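For the sequence shown, the working numbering assigns the number 16 to the initial residue and increments by one for each residue that follows. C-beta: ideal position from N, C-alpha, C; glycine also. Source: prediction; values computed, not measured.
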Amino acid sequence: MKENNSNERRNFIKTSAIITGGAMLSPFTLPGAHAAGDDAIKIAVIGCGGRGTGAVFQAFETGQNIKLVAMADAFKDRLDQSHERILKKYGKDKVVVPEEKKFVGFDGYKHAMKDADVVIIATPPGFRPDHFEEAVRLEKQIFMEKPVATDAIGIRRILAAAKIAKAKKLNVVVGLQRHYQDNYIQTIDRIHNGEIGDIIGGQVFWNDGGVWVRERQPGQTEMEYQMRNWYYFNWLCGDHITEQHVHNLDVANWVKNGYPVKAEGTGGRTVRRGKENGEIFDHHVILFTYEDGTVIHSECRHFPGAHNRVDESFQGTKGKAYMNAGHTGKLTDLKGNSLYDHDGTGNANPYQVEHDMLFDAVVKGEYKFADAENAAKSTMTSILGRYATYSGKPVTWEEGINSNVNLKPDTLAWDALPKVLPNEDGFYPYAIPGQTKVV
C-alpha cells in the first residue's frame, strides 16, 4: 500500500487552518527547481480545461511566489479561454505566458514542460501516461490529476515512471484529494488503530445524474469529436467507474491497506443510449474481494432524476464507519454508540490543501510526496471493475494488470482514426458482457 504520511498531512492541515499563505523559506534543492536568478516557482499547465485551470488557481492560492510560464492543450480555443481566465484573476506579473509559450497540439506538452519547476498534468486521463513519463524524464515536480490511465498498459507505464520519480526524489501529488481531507485522515487513522476492529465488509458509492455532453459539430474529424466529447470514450476517460468512482475505490483500498485480488459484477447502458454517449456504460455494480477475503460492494451509476449517493461505509468486528466528501467521518460501535464524530467546521478545502502541501515542499526543497504508485493501483482497481462488468466474468488482479488490450489510437493526429468508430447511423459499439475481451 502507499507510504503512510497521514500524520504529516494531518499536522499540515491543522497548521494551514491558522496560517494562510507562506513565504519563501529556503532555496530550492530539488531536481528541476528553479531557474538561476529568479526566486519564483515556475509552473506549466498541461491540459487547459476546467480542471487544469482550477489547479492553476489553487497553485496561486498557496501564497507562494509562483509564475505561470507555459501552457499546453490540444485545442487553441481551450488554451486561450484558460489563459484569459487566469490572467484576469491573477494579472500579468504572475501570468507570464507569451504567445511563444502557448503550445497547441498533441506534442505541445513536451515544449511547455521544459522551463517549468512544477508541472500540472490535467489532460483527459488517456494522455497521462505520456505526460507523466515526460515530466519524470525532465525531472519536474508534479501535480497530476486522477485517474492516471485508462487501461492496464497505461497503468504499467505509470508504475514504471513512479519508480524513477521516487529514485530521483521528485515530489508527485495526485488529485485523489481525500488523502488531503481531514475527516478521511482522522477517521481512517482510527480505523487503522483498531477502533472498530478488523474490517470485514464495506460499500462505496458514486451515484449521480451524470456529466456534460458535447455534441458533434460540422467539420470535426472523428479524432477531434472524440477528444471534445472525451468523457464518453474509454481510451480518453476509462468510463465513469474510472474517471469518478476511483475516488471511492481509493478510499476502500486505503481502509483495507491493500488492493483487491478479484472483481466480479455487472453493468450496462440503461438510460444513456444516444449517439453522443459514445461507448461507456451508465452503471456498474461490482464486488471486490481482498486478500483476506473481505468483500467490498462498489456501485456507480449516472441516472438523471434518480437518488444521488457519494460516500463510503465499512463494517468491522467491533463497529462501523461512515465517510463522505462533505467533511463527515463517523465511527460507531456495534450497538450504534458513537466512538468518533468528526467536526468538519472550518475544515480546509482538500483541493487546496494538496497544492499547499506540494508547493510548501518545493519551496523548502523537501521530498515528501510519492502519490503515483497508489494512484496507479487505485486506478487499476477501477479498471479491474470495468473489465469485470464489460466481460461479464470474474477478473483477477493478475489477469487485469497484465492485460494487453490497448485502447490508445495507433496514431495521434487530427486526421487519424481512433480504434472505436461509429456505424453508418452514428452509434458507437459498446461492451457486450459474455463477448467482450478485456484480458
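Are G209 and P139 closer than 9 Å when you measure CB to CB? no
Whose C-alpha, out of I211, K379, T165 and K290, is nearest the C-alpha of Y337? The candidate whose alpha carbon is nearest that of Y337 is I211.
Secondary structure at K125, three-state DSSP: helix, strand or coil? helix
Quick one: Cα of V187 to Cα of E160, how far? 10 Å
Rounded separation between F303 and I311 - CA only: 5 Å
Three-way DSSP call (helix, strand, coil) for L349 in this model: coil
Whole angstroms are fine: how far does the CA of G380 sit from the CA of G445? For the record, residue 445 in the displayed sequence is Tyr; it is not Gly. Rounded to the nearest angstrom, the two C-alpha atoms are 48 Å apart.
Assumed close pair F374, T77 - CB separation to whole angstroms, cut-off 8 Å: 4 Å
Over the uninterrupted beta strand (DSSP E) stretch that includes G282, give me the two end residues. In the DSSP annotation of this structure, the continuous segment of the beta strand (DSSP E) that includes G282 starts and ends at K277 to G283.
Please list the terminal residues of the continuous alpha helix (DSSP H) segment that includes Y105. Segment K91 to Y105, the alpha helix (DSSP H) holding Y105.
Alpha-carbon to alpha-carbon, P113 and T309: 54 Å
Do F121 and I136 have their beta-carbon atoms positioned less than 9 Å apart in this structure? no
Could you give the first and the last residue of the continuous alpha helix (DSSP H) run that contains E237? E237 to R243
Three-state secondary structure (DSSP) of V110: strand
Buried or exposed by the 16-neighbour rule on C-beta atoms within 10 Å, applied to L40: Unreliable placement is indicated for L40, whose pLDDT of 36 sits below 50; no coordinate value is reported for it.
Quick one: residues in its chain with C-beta nearer than 8 Å to the C-beta of F318, no 5 flanking neighbours on either side, listed in chain order? The residues N222, G224, G225, T285, V286, D297 and H298, in chain order, have a CB closer than 8 Å to that of F318 in the same chain once the five nearest residues on each side in sequence are set aside.
At which residues does the alpha helix (DSSP H) containing S328 begin and terminate? Careful: S328 lies outside any alpha helix (DSSP H), inside the beta strand (DSSP E) at R324 to G331.
Would a C-beta distance cut-off of 9 Å place Y305 and V276 closer than the cut-off? A contact, by the Cβ cut-off of 9 Å.
Buried or exposed: which applies to K271, given that a residue is buried once 16 or more other Cβ atoms fall within 10 Å of its Cβ? buried
The alpha helix (DSSP H) that contains Y305, what's its start and end? Run containing Y305: none; DSSP gives neither H nor E here.
Figure out for me which residue from Y240, N80 and V368 has the closest Cα to the Cα of A89. Closest option to A89, judged by alpha-carbon separation, among Y240, N80 and V368: Y240.
Hey, quick one: how far does the beta strand (DSSP E) through W221 stretch, first residue to last? I214 to D223
Classify V420: buried if its beta carbon has 16 or more other beta carbons within 10 angstroms, exposed otherwise. exposed
Would you call the region 342–349 and the region 195–210 in contact, with 3 or more CB pairs under 8 Å? yes
Residue range of the alpha helix (DSSP H) that includes L399: A387 to S406
Rounded to the nearest angstrom, what separates A455 and A167 at their Cα positions? There is simply no residue 455 to check, as the chain begins at 16 and stops at 454 in what is shown.
Using the Cβ count rule (16 or more neighbours within 10 Å means buried), how would you classify A321? exposed
For K335, the three-state DSSP class (helix, strand or coil): strand
Beta-bridge partners of Q156, as assigned by DSSP: Answer is V133, bridged to Q156.
Element boundaries [alpha helix (DSSP H), containing K271]: Its alpha helix (DSSP H) spans residues V261 to K271.
Helix, strand or coil for T343? Go by DSSP, reduced to three states. If DSSP states are grouped into helix, strand and coil, T343 belongs with the strands.
Could you tell me if P233 is buried or exposed, where buried requires 16 or more neighbouring beta carbons within 10 angstroms of its beta carbon? exposed
Does the beta carbon of H322 sit closer than 9 Å to a beta carbon anywhere in chain C? Among the chains in the structure shown there is no chain C, since it carries only a single protein chain.
Looking at the unbroken beta strand (DSSP E) that takes in K117, where does it start and where does it end? Here the beta strand (DSSP E) through K117 covers K117 to V119.
Would you mind sorting T236 into buried or exposed? The rule is 16 or more other CB atoms within 10 Å of its CB. exposed
Going by other Cβ atoms of all chains shown within 10 Å of its Cβ, with 16 needed for buried, is R229 buried or exposed? Using a 10 angstroms sphere on the CB of R229, the tally of other CB atoms stays under 16, which defines it as exposed.
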